[in-house]
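Engineer: I'd like to ask some things about the structure below.
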Amino acid sequence: MASPRVSLRKKLFVSIYLILVGILGISFVLPAKLVVEPSQIDLPADGVSRIPVRVQVQMPFTRRVLFPHPRIFVQIVQGIEFVNLFPSGEVRLGDRGTSYFVKSRAAEGEGVIRFKVHNAAAAQVRVFTHTVNTDSKQDGFPDAFKLTSFTDRENFRRAFALVAGFQSVQESPDWPPAHHDGAGLVCFALREALRRHSETWQKRFGGPGPVPSVEKYNFPTTPLGEKIFRTREGAYLPTDLAGGVFSEYVDVATLKQFNVTFIGRARAQVQRGDLIFFSTPWVRSSPYLVMILLQDASNSASGESSSVVYYRENISAGPAGVKEIRLATLEQDPDPRLRPVESNRFFLGFFRLKVLN
6 MASPRVSLRK KLFVSIYLIL VGILGISFVL PAKLVVEPSQ IDLPADGVSR
56 IPVRVQVQMP FTRRVLFPHP RIFVQIVQGI EFVNLFPSGE VRLGDRGTSY
106 FVKSRAAEGE GVIRFKVHNA AAAQVRVFTH TVNTDSKQDG FPDAFKLTSF
156 TDRENFRRAF ALVAGFQSVQ ESPDWPPAHH DGAGLVCFAL REALRRHSET
206 WQKRFGGPGP VPSVEKYNFP TTPLGEKIFR TREGAYLPTD LAGGVFSEYV
256 DVATLKQFNV TFIGRARAQV QRGDLIFFST PWVRSSPYLV MILLQDASNS
306 ASGESSSVVY YRENISAGPA GVKEIRLATL EQDPDPRLRP VESNRFFLGF
356 FRLKVLN
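Residue numbers (the working numbering): 6 to 362.
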């Protein structure tokens, strides 16, 4: 038979155990509190501006001791076309919480970001992006439309060349037959290059591997909407969008006059996705011929392997359609008027789309 002292000690241990279990149980039942600051953000829709968001969790002491670094789940539940979030994957909270960066895209709208940790009530951050109408280069396009980061420009060039080159293999059913011409090829490839590159997009154009999307914005949610080609002279004004200054497609003369920037007549500085223009006074249907460079051609080594694509009209040399030809071969073309060499007066030079300037 146990002594009264042993029995008392046993009861004491049991009581302490039950108290600890109770405290632990209560700590798991009591909800944690998720604190996110700020809860509302205003950013210019320029694709560059960003602001930090601080995330902290207030929870009972015992649970914090047992689970000091809980996982946080975050999702953009509204307006993914207006905002970006970094980091985008799963994050564990540190001793002092963690920080995210909310970055605007170049389109005006509202986004909602949802944060969740354990059994804490979800917290949300509302993000409002506002249009920026500056045209610092006075070239007819708002700064927000320009791809200013190196990564965005490279991703655009790669996608633009991929889409244009694919048309020489198999013309896309999404390319409107009414725009099957040289300018139409450029317009179609540009629009597609600015879209979000989903798995469906990748399959449509048969790329050798994943082609990253442009981060700043995704067509058709652009600072200019779906009408991204300028049709008349002048610096950009907010009233241009409602005034018919921009269009979904343009002809080759309008493309050259208002939508590209002259680089030069030599191959120095020429990159994939740049355009070549020729004057074609002998062709009644069009004053210019435009070609798209599929690879960099700024030096002799890359120029030998570089190709161009262009839309050839229905002529005696063959049926109409998109054709691909090596730049080196083009420089020796039987028709000297189509050689991209400085001695050819019909060769107008190399040009760059203003979205890249």
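The C-beta atom is built at its ideal place from N, Cα and C for all residues, glycine as well. All values derive from a computational prediction rather than experimental measurement.
Is P49 helix, strand or coil when you go by DSSP?
Structural biologist: Correct three-state label for P49: strand.
Engineer: Using only alpha-carbon positions, find the residue among E336, Q61 and F87 that is nearest to N223.
Structural biologist: Per the Cα distances, F87.
Engineer: With distances taken Cα to Cα, identify the nearest neighbour of G52 among I21, H74, F150 and A240.
Structural biologist: Answer by Cα proximity: F150.
Engineer: When the Cα atoms are used, what is the spatial distance from L298 to A127?
Structural biologist: Rounded to the nearest angstrom, the two C-alpha atoms are 50 Å apart.
Engineer: Could you tell me which residues DSSP puts in a beta bridge with Y315?
Structural biologist: In the DSSP output, where bridge partners are listed per residue, Y315 has M296 and K328.
Engineer: Excluding five sequence neighbours on each side, which residues of the same chain lie with their C-beta closer than 8 Å to the C-beta of S104?
Structural biologist: Counting only Cβ-Cβ distances below 8 Å, and skipping sequence neighbours, we find P57, V58, R59 and V60.
Engineer: Who are the near neighbours of T236 in its chain, counting only those whose CB is closer than 7 Å to its CB and skipping five residues on each side?
Structural biologist: Answer for T236: V250, F251, S252, V255, T259 and F263, listed in chain order.
Engineer: Could you name the residues of the same chain whose beta carbon sits closer than 7 Å to that of Q300, not counting the 5 residues immediately before and after it, in chain order?
Structural biologist: Cβ neighbours of Q300 beyond the five flanking positions: R277, S307, S310, S311 and S312.
Engineer: Check whether the Cβ atoms of G374 and L358 sit closer than 8 Å, and answer yes or no.
Structural biologist: The structure shown does not extend to residue 374, since the chain is modelled only from 6 to 362, so the question has no answer here.
Engineer: Does at least one heavy atom of the ligand COA sit under 7 Å from the Cβ of F234?
Structural biologist: Judged by which ligands are present, the structure shown has none, so any question about the ligand COA falls away.
Engineer: On the criterion of 16 or more Cβ atoms from any shown chain inside 10 Å, does L343 qualify as buried, or is it exposed?
Structural biologist: It is buried - the Cβ of L343 has at least 16 other Cβ atoms within 10 Å.
Engineer: Determine the extent of the beta strand (DSSP E) in which Q63 is found, giving its start and end residues.
Structural biologist: Segment R55 to Q63, the beta strand (DSSP E) holding Q63.
Engineer: Classify T244 as buried or exposed, calling it buried when 16 or more other Cβ atoms lie within 10 Å of its own Cβ.
Structural biologist: Classification for T244: exposed.
Engineer: Within 8 Å, do at least three Cβ pairs link the region 108-127 to the region 41-52?
Structural biologist: These segments touch.
Engineer: Using 10 angstroms around the beta-carbon of K221, count the other beta-carbons present and answer buried if the total reaches 16, otherwise exposed.
Structural biologist: When all chains shown are included, K221 counts as buried.
Engineer: Starting from the C-beta of F78, find all residues in its chain whose C-beta is less than 6 Å away, skip the five residues before and the five after it, and write them out in chain order.
Structural biologist: These residues qualify, in order along the chain: K121.
Engineer: Pairing CB atoms from the region 199-218 with CB atoms from the region 330-337, are three or more of them under 8 Å?
Structural biologist: The region 199-218 vs the region 330-337: no contact.
Engineer: Since I believe K328 is in contact with S173 (beta carbons under 8 Å), could you give me their beta-carbon distance rounded to a whole number of angstroms?
Structural biologist: Confirmed, about 6 Å.
Engineer: Tell me, please, which residues DSSP counts as bridged to L39.
Structural biologist: Beta-bridge pairing links L39 to V62.
Engineer: May I have the straight-line CA-CA distance separating V257 from R196, to the nearest angstrom?
Structural biologist: So the two alpha carbons sit approximately 16 Å from each other.
Engineer: Looking at C-alpha atoms only, which residue of E318, L242, R209 and F355 is the closest neighbour of G269?
Structural biologist: Cα-wise, what sits closest to G269 is F355.
Engineer: At what residue ranges does the region 102-148 contain a whole run of the alpha helix (DSSP H), taking only runs of 4 or more?
Structural biologist: Runs of the alpha helix (DSSP H) inside the region 102-148: none found.
Engineer: I need the straight-line Cα distance from K363 to P292, nearest angstrom please.
Structural biologist: Nothing about residue 363 can be read from this structure; the chain reaches only from 6 to 362.
Engineer: Using the Cβ count rule (16 or more neighbours within 10 Å means buried), how would you classify T139?
Structural biologist: Exposed, because fewer than 16 other Cβ atoms sit within 10 Å of the Cβ of T139.
Engineer: Give the single residue among I46, I233 and T153 whose Cα lies nearest to the Cα of V219.
Structural biologist: Taking only the C-alpha atoms, the option nearest V219 is T153.
Engineer: If you drop the 5 nearest sequence neighbours on each side, which residues of the same chain put their C-beta closer than 6 Å to that of W180?
Structural biologist: Answer for W180: F193, listed in chain order.
Engineer: Tell me the DSSP secondary structure of N89 in three-state form.
Structural biologist: It is a strand residue.
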